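Numbering (the numbering used here), first residue to last: 14 to 220.
What follows is the structure, given as structure tokens:
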């Protein structure tokens, strides 16, 4: 927020400095920020109406057999107030995912949100016992595949955040109504982890 206020002083008049699509701490990728109150109101409405497509890339622990949907309500954890958890009386939360690549003990996935609960992707995959690599809150700490090389071990040790990246946003511009598609490739640490997992599995980048 401080960085945004430094660049656009007028954002001080907007809720959360105009931020509409936020990210968890240590999640990389795209933010959506409105510069006017009119745009902010319009974008918030579109987000609530599920008219903004939000796509993520993630690396989870374990080998998924295929894509699917996680439909499980989320609420504040009853004991640890810094965490969220799946609870019967929580707010509806739906996460759709598809498998991009499988490795020996991990899976690279594309994820799309139908709802936007706090920590939703991280909570849903931990609930399915496939926590995201490096997640310090939901149990995705170091999980080395068998016969890991020294290089892979070192990359895992250096990866000190959840392997989650907001890669794509699709929406209608709040002023012109033109369709806007924005993409951001994963940062270097995420790509290095992917390459190390491919090498360990004897794979090449499919691109």
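Note that the Cβ used here is the ideal one computed from N, Cα and C, for glycine as well. Remember, predicted model here, so these are calculated numbers, not experimental data.
Buried/exposed call for residue i, threshold 16 Cβ in 10 Å
i: residue 108; result: buried
i: residue 192; result: exposed
i: residue 134; result: buried
i: residue 83; result: buried
i: residue 70; result: buried
i: residue 120; result: buried
i: residue 55; result: buried
i: residue 155; result: exposed
i: residue 23; result: exposed
i: residue 31; result: buried
i: residue 14; result: exposed
i: residue 228; result: Residue 228 is absent from the model: the chain starts at 14 and stops at 220.
i: residue 33; result: buried
i: residue 67; result: buried
i: residue 184; result: buried
i: residue 85; result: buried
i: residue 166; result: exposed
One or two residues paired with residue i in a DSSP bridge
i: residue 68; result: 125 and 181
i: residue 155; result: Partner(s): none; residue 155 has no beta bridge.
i: residue 111; result: 123
i: residue 136; result: Paired residue(s): none; residue 136 is not in a bridge.
i: residue 98; result: 88
Own chain residues within Cβ distance below 7 Å of residue i, not counting five before or after
i: residue 27; result: 47, 50 and 53
i: residue 36; result: 42, 44 and 179
i: residue 204; result: none
i: residue 241; result: Beyond the ends of the chain as shown, which are 14 and 220, falls residue 241; an answer cannot be given.
Own chain residues within Cβ distance below 8 Å of residue i, not counting five before or after
i: residue 118; result: 74, 75, 76, 156, 157, 158 and 159
Cut-off 6 Å between Cβ atoms - residues of its own chain near residue i, not counting five sequence neighbours on either side
i: residue 6; result: Any answer about residue 6 is impossible in this case: the structure gives the chain only from 14 up to 220.
i: residue 88; result: 100 and 103
i: residue 139; result: 151 and 152
i: residue 194; result: 183
Mind pulling the alpha helix (DSSP H) runs of 4 or more residues that sit fully within the region 23 to 92? Whole alpha helix (DSSP H) segments, 4+ residues: 50 to 61.
Report yes or no: do three or more beta-carbon pairs, one from the region 45 to 53 and one from the region 157 to 168, lie closer than 8 Å? No, they do not touch.
For the region 166 to 182 against the region 24 to 44, do three or more pairs of beta-carbon atoms, one drawn from each stretch, fall closer than 8 Å, so that the two count as touching? As far as the Cβ criterion goes, the region 166 to 182 touches the region 24 to 44, which means the pair count is three or higher.
Answer yes if the region 161 to 174 comes into contact with the region 126 to 133, meaning at least three C-beta pairs across the two stretches below 8 Å, and no otherwise. Contact fails: fewer than three Cβ-Cβ distances are below 8 Å.
May I ask you to verify whether the region 109 to 117 touches the region 142 to 149, counting CB pairs closer than 8 Å and requiring at least 3? No, because fewer than three Cβ pairs between the region 109 to 117 and the region 142 to 149 fall closer than 8 Å, the two stretches do not touch.
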